[in-house]
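Taking it in order: structure first as structure tokens, then the write-up.
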Amino acid sequence: MAGMFDNSTVIQVQQANDIVDVISEHVSLKRKGREMVGLCPFHDDNRPSMNVNAVKQIFKCFACGAGGDVFKFLQMRENLTFPQAIERLAERAGIKLKPVQSSQRPGRAQTPSQEIDPNKLAQVNAWAANYFRQNLQDEKKGKYARDYLAQRQITSESINNWQLGLAIASPDDLLSTAREKNAQIKLLEPAGLVTAQNQDKFINRLMFTITDVTGRVIGFGGRTLDDSGAKYINSPATPLFDKSNSLYGLEQARHQIVSTGTAVVVEGYTDCIMAHQFGCTNIVATLGTSFTAGHGRILRRYAKKVILLFDSDVAGLEAANRALDVCLAQRIDIRLASVPEGKDPCDFLLAAGKERFEQLLNDAVDVFQFKWNRLTAGIGSEDTLAGKRSAIEEYLQTIATALWAGNVSPIDRGLIVNRVSKIIGLDTRQINDELKRRLRQAQRSSSYNTEKQTTQPIDYGRGLFATAQREVLEVLLNEPNLFEIFKQKITPDIFDVPILKQIAEILFEALNTDVNTSLAEILAKTESVELGNSLVELSQTGQEKGNFQARLKGALDAIERHREQKQNSFIKTIDDQKQFLRKVYENTGKENPHNVGMV
């Protein structure tokens, strides 16, 4: 990221956000001794494996290895970069940030250079969002769009809160305005705001500003106001925006989703806005696309249960049916609610009110009941054998997916198999065999993704020399005062294990300034999640071992012996080379002492 923050600002943000308070917004914590414990959100945790230390301001999962400070938690939880986590927490604490330019710092995650800086795109998008808002607020330009919003009963407060805007009926007004305002013209096309033909992407459309969970403007949705072209269009895919991995309203709904443990997913922008307008603030919307695995992964970070609220027409039910399978595969507790036929959630709220809307959600149908209803309806309505078989296979596939995800108990499995056996006339053994076959397929197809999501072990090197390097860091992270005593022997040069060398550079730089630097302050200097995990692990392991001064002296002695042996080996190699060349020259009668001496 181009904009960086000086260390004093980072420490200020860190200290203003107590780690227990921040993590409690995502995970239910309970006190256990001196620490707080909760279910780790970074792996499938069945018993509290994550400890949060309020004194040290760190967290550590003893099952998957995740660990770090409040920044690292937010980076992992919300898939943020280090600067984004700083900005997010600064906003939470009401701190105004002043970005500064700085050179590459130790511990910053190394990423390949990109031709287009996503943060530059975010700035262009923010400019465009303001441009669209000004159009909507303009007394003349925006009147017809404001009339439409008034007709839909969207309030002025909602218009402001959701940054609604207007793209006027001109093919190049945004582009012309950008030129006048000296905006970054070259980034308008990569941001999806203008076409390759130098025309505005959005023309005569009501504009919905799409933000990520941190509040960055990542894209736009536009609804036609003259029925020309598609009813809705979104920004194209960019380094910032992918509609399959974005949810409208997540920024606004996140806290309520965490608080209630439930996320409600609707299909439309106005459905989402109207729900929030009525005080139902755990609602998000898909962006004109089917519910995807990416959406499921995002919601798993915040919600224990997901309710899909789709239209009750054929298209809505089919979309819901596909989404149910996606959620099952993501091991999400999933239910389905539907509004009465002929209405969408927005219309239903306006006609029936908040209480009946909430009752709809409370009456949401369990996934297996919904699928059973589809099976019985499908068998009853289909005249062909192929149609009946398709309905059966769809149901069995759902059960197999649920079995793989651990959402079906052995008793429930037996009841399901018996019900299927009665309705289709197959023996229970045949049905179980088919479920086993499908379960094996589900396990094989998911194995790659499961491996990708598992926390990878940190490579600390092998052998006595690597162990000694690790010992030095384990001690100094717990007893930094020893750095002054052994300072002459301890430099980053003695480390050759990459991750230990990076930590040593950060740690020694801090201790050279202040030997009383806390672990939290050291973590604030590291941008890499992996380094944060490693720092906490080394600190915890070192604390358990104790006996700090003796261990440090022993580790440094071992490092010194290793370096001496390496030097002696190098000298011996040079001597061997000289002796070999002398023998060559002696045997050929062409010995050249001058050349030998140059080896």
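Following my numbering, the numbering of the sequence shown begins with 5 at its first residue and continues without gaps.
Ideal Cβ positions, reconstructed from N, Cα and C, are used throughout, including at glycine.
From the options, residue whose alpha carbon lies closest to that of residue i
i	options	result
S569	F469, P502, F552, F487	It is worth fixing the name first, because residue 569 is Gln in this sequence and not Ser. Ranking F469, P502, F552, F487 by Cα distance to Q569 puts F469 first.
L216	P414, N249, D22, T13	Here residue 216 turns out to be Asp, not Leu, going by the sequence shown. Closest option to D216, Cα to Cα, is N249.
Q492	K557, N537, R444	K557
V519	F490, I503, D500	F490
M40	D48, V59, D49, Q473	V59
L353	M278, A381, R423	M278
N55	H47, K34, D48	K34
D275	F136, A395, D315	D315
N164	R567, H280, F487	H280
Y273	R96, K375, L153	L153
G98	Q16, L313, T293, D497	Q16
K375	A514, F66, E397	E397
L36	N57, E29, L192	Per the sequence shown, residue 36 should be read as Lys rather than Leu. Among N57, E29, L192, the Cα nearest to that of K36 belongs to N57.
D177	L197, C68, S543, R51	L197
I172	Q155, R150, W166, S342	R150
S532	I261, I503, S543	I503
Distance between beta carbons of residue j and residue i, contact taken as under 8 Å
i	j	result
I27	F63	6 Å
D73	A524	5 Å
A368	R339	4 Å
G546	V479	6 Å
A182	I189	6 Å
C-alpha distance - residue i paired with residue j, whole-angstrom precision
i	j	result
T471	G465	8 Å
E82	L332	22 Å
R112	E161	Its pLDDT being 47, under 50, R112 is placed unreliably in this model, and the coordinates cannot settle the point.
F224	P349	22 Å
T213	P87	22 Å
N134	D22	34 Å
D1	L244	With the chain represented from 5 up to 603, any question about residue 1 goes unanswered, as that position is not in the structure.
R258	G357	23 Å
A355	I158	14 Å
L296	F206	The sequence given here has Thr at residue 296, not Leu. Whole-angstrom Cα-Cα distance: 26 Å.
Q473	K100	40 Å
Q256	R326	26 Å
L84	L78	7 Å
A187	V128	8 Å
R304	D49	13 Å
E455	G71	Unreliable placement is indicated for E455, whose pLDDT of 38 sits below 50; no coordinate value is reported for it.
N208	R92	34 Å
T521	A528	11 Å
R301	F46	11 Å
A559	L477	10 Å
V310	I435	29 Å
G536	G169	41 Å
L430	F372	20 Å
L251	V330	15 Å
S538	S32	25 Å
N516	I462	27 Å
R137	L192	17 Å
N377	A404	17 Å
V24	N482	22 Å
E630	I336	The requested residue 630 is not part of the displayed model; the chain covers only 5 to 603.
I428	A381	13 Å
E29	N485	36 Å
G233	P122	29 Å
I90	P175	39 Å
L443	P414	14 Å
G418	M211	51 Å
F512	I494	9 Å
F487	E475	13 Å
Y148	L365	34 Å
Q108	G69	Any reading at Q108 is ruled out, since the residue's pLDDT is 47, under 50, leaving its predicted position unreliable.
Bridge partners - residue i, DSSP secondary structure assignment
i	result
N238	G225
Y252	A289
A341	L313
G72	F63
A267	V310
F212	G225
A171	R209
M40	R35, V56
P204	The amino acid occupying residue 204 in the given sequence is Asp; Pro does not appear at that position. Paired residues: V198.
V369	L340
Neighbour flag for residue i against chain C, beta carbons, 8 Å
i	result
I396	The question asks about chain C, but that chain is absent: this structure has only one protein chain.
Give a yes or no on contact between the stretch 224-237 and the stretch 263-270, applying the rule of three or more CB pairs nearer than 8 Å.
Because the criterion of three Cβ pairs below 8 Å is not met, the stretch 224-237 and the stretch 263-270 do not touch.
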